[in-house]
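Residue numbers (our numbering): 9 to 192. For glycine and all other residues, C-beta sits at the position ideal for the given N, C-alpha and C. First comes the structure, then the notes that go with it.
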Amino acid sequence: MIGIYVLLGIIVLGALYFGMTYNRFVTLRTRTQEAWSDIDVQLKRRHDLIPNLVETVKGYATHEQTVFEDVTKARASALNASGAVAQGKAENMLTEALKSVFAVAEAYPELKASDNFQKLQDELTDTEDKVQASRRFYNGNVRDLNIKVDQFPSNIVAKSFKFQKMELFEIENPEERENVQVKF
9 MIGIYVLLGI
19 IVLGALYFGM
29 TYNRFVTLRT
39 RTQEAWSDID
49 VQLKRRHDLI
59 PNLVETVKGY
69 ATHEQTVFED
79 VTKARASALN
89 ASGAVAQGKA
99 ENMLTEALKS
109 VFAVAEAYPE
119 LKASDNFQKL
129 QDELTDTEDK
139 VQASRRFYNG
149 NVRDLNIKVD
159 QFPSNIVAKS
169 FKFQKMELFE
179 IENPEERENV
189 QVKF
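See the structure below:
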């Protein structure tokens, strides 16, 4: 009789562990999806600001057509990207294109002094900060989910219910990892 109670106890504990682990996976997956949504919102904000910035700079630098075309192409690519890896690559291309716009702006002191340009630049900087915070939040949630998918014995539950690892939102451009060189 004691053996039956012990066996029932083990079965109940196993079922509780299985259920709690499944719920933890659901929570982690939902948080990761929410974090991706936060990135998406900030990137949408960024993509909405870019045409205004380009139009403002165009008014001062009409002969810099290739810079504006590059930004437009990179923005379109970023808008159409799907998945963390593709989105990361597209956003890195857009960041590089935006650097060109700001380099053009450096050559036009009256543009740099423009209130409209300054406001757009400040908004874009604020948005970039929010994108970075959203990326960190997303990557933290992906890390937690991926660890849980790999750890024993939770990996048994993950395989049973087809929970899979997710991709981190990473920097693809190695130059962005290097320290900035400031020279006067």
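- Of Gly11, Ala111, Asp48, Gly96, the smallest CA-CA separation from Glu178 is found for Gly96.
- Taking 4 residues as the minimum length, the alpha helix (DSSP H) runs contained wholly in the segment 143-168 are 162-168, in order along the chain.
- Linking Leu132 to Glu42 through their CA atoms gives a straight-line distance of about 23 angstroms.
- For Met9, no alpha helix (DSSP H) segment is defined, and its DSSP state is neither H nor E.
- Secondary structure within the segment 54-106: the alpha helix (DSSP H) runs of 4 or more consecutive residues, fully enclosed, are 73-88 (chain order).
- Residue state for Met174 is assigned as coil, using DSSP reduced to three classes.
- Take the alpha-carbon of Asp78 and the one of Arg53: they are about 19 angstroms apart.
- In the structure shown, Ser108 falls within a helical segment according to DSSP collapsed to helix, strand and coil.
- Counting the other Cβ atoms within 10 Å of the Cβ of Gln126 gives fewer than 16, which makes it exposed.
- When the Cα atoms are used, Gln159 and Leu176 turn out to be separated by approximately 18 angstroms.
- If you ignore the 5 residues before and after Asn154, its C-beta comes within less than 7 angstroms of the C-beta of Lys173, Met174, all in its own chain and listed in chain order.
- Nearest Cα to Ile47 within the set Val139, Asp56, Lys170, Asn60: Val139.
- Measuring C-alpha to C-alpha distances from Tyr68 to each of Phe145, Gly11, Ala115, Phe169 identifies Ala115 as the nearest.
- In the structure shown, the three-state DSSP call for Ala141 is helix.
- The Cβ neighbour count for Lys81, taken over all protein chains shown within 10 Å, is under 16; the residue is labelled exposed.
- Relative to the Cα of Trp44, the nearest Cα in the group Phe169, Leu21, Pro117, Ala92 belongs to Ala92.
- The distance from the Cβ of Thr64 to that of Leu128 is about 6 angstroms, consistent with a contact at the 8 angstroms cut-off.
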